[in-house]
Structure formats: C-alpha cells, structure tokens
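Just so we're aligned, residue 2 is where the sequence shown starts under the numbering used here, counting upward by one.
The C-beta atom is built at its ideal place from N, Cα and C for all residues, glycine as well.
None of these values were measured; they are calculated from a predicted model.
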Amino acid sequence: MTVSNEVSVLDRLLTDGKLAAACPSRIVLDHVTSRWGVLLLVALSERSMRWGELRRVVEGISEKMLAQTLRTLEADGIVDRAVTPSVPPRVDYALTDRGRGLVAHLLPLMGWIADNADEILAK
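Here it is as structure tokens:
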C-alpha cells in the first residue's frame with residue numbers, strides 16, 4: 002500500500018467540506034474559462050498577436066469583449082500587452098510565463114473538446 006502526503010486538488014479547494022462561494026479560485030476560474038478567455042488563450046498559445054489578428058482569429062468577439070477580456074487576463078498576469086512606439090502604435094499580446102503554464106493545462110482540455118464536440122452535439 003502506498004501512502005501519499007500530497008493533498009489533492011479537491012482537498013486544496015475545499016473549505017469546511019465545501020467548494021466555497023467566496024473561494025478566490027472562483028474568480029480566477031471565471032476569468033480563465035470565460036467563453037472569450039479560453040478562445041483568446043488558445044489563439045495566443047503558439048505566438049503573440051496584434052489586436053486585429055485576435056479579432057480575426059476569434060470569430061464573433063466584439064471589440065468591447067476583446068478589450069475587456071484582454072484587460073482582465075493582463076491584470077491577472079496571464080497575458081502581456083507590449084506597446085511599440087510607432088505611428089500608429091503597435092500593440093502585441095502574448096502569454097506570460099503564468100499564461101504559458103495555464104495554457105499547458107488548457108490545451109489538452111480543448112483537444113478533448115475538439116475530438117468529442119461533434120458527437121456530443123449530435124445527440
């Protein structure tokens with residue numbers, strides 16, 4: 002019998018045996034797994050992109066939601082916004098180290114979704 006001293010993810014999230022409504026992980030989860038947050042993270046998973054590129058790649062996102070989601074992910078330290086002084090100014094968005102760590106966990110989930118979405122929606 003093997004005994005592990007590691008605490009499970011579930012145990013780390015439980016407070017008095019509950020997944021508490023006030024747990025900070027819920028806020029981060031909302032930021033990361035929002036409809037547009039996931040798609041922007043996947044879009045940035047291979048390279049940095051400019052605003053217009055992100056708008057084209059993530060079809061259907063409004064300018065308002067693109068700006069809001071990028072601001073949130075930047076504030077969380079997941080996305081970096083780099084401004085190059087030029088005329089017009091060039092702004093590039095890229096994943097930070099934290100963002101790359103997150104995307105390493107997110108891409109397998111998105112792969113599973115891509116592999117199963119048609120069959121799930123066919124029901």
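{"Item": "Backbone CA spacing between Asp81 and Leu110 [nearest angstrom]", "Value": "23 Å"}
{"Item": "Ala83 (DSSP reduced to helix, strand or coil)", "Value": "strand"}
{"Item": "Segment contact flag, the stretch 97–105 with the stretch 48–56, C-beta cutoff 8 Å, min 3 pairs", "Value": "no"}
{"Item": "Trp37 vs Val59 beta-carbon contact at 8 Å", "Value": "yes"}
{"Item": "Residues that Arg91 bridges to, as DSSP identifies them", "Value": "Thr85"}
{"Item": "Cβ-Cβ distance between Ser128 and Leu108 below 8 Å", "Value": "This structure cannot speak to residue 128, because the chain is shown only from 2 to 124."}
{"Item": "Beta carbon of His32 nearer than 8 Å to that of Leu67", "Value": "no"}
{"Item": "Beta-carbon separation (whole angstroms), Ser35 vs Thr70, contact threshold 8 Å", "Value": "7 Å"}
{"Item": "Between the CA atoms of Glu7 and Ser63 - distance to the nearest angstrom", "Value": "43 Å"}
{"Item": "Test item: CB-CB of Ile79 and Gly100 under 8 Å", "Value": "yes"}
{"Item": "Leu96 (DSSP reduced to helix, strand or coil)", "Value": "strand"}
{"Item": "Distance CB(Ala83)-CB(Asp98) smaller than 8 Å", "Value": "no"}
{"Item": "Whole-Å CB distance - Ile10 paired with Asp77, under 8 Å assumed", "Value": "Correcting the residue identity first, residue 10 is Val in this sequence and not Ile. Incorrect: roughly 19 Å between the Cβ atoms, too far for contact."}
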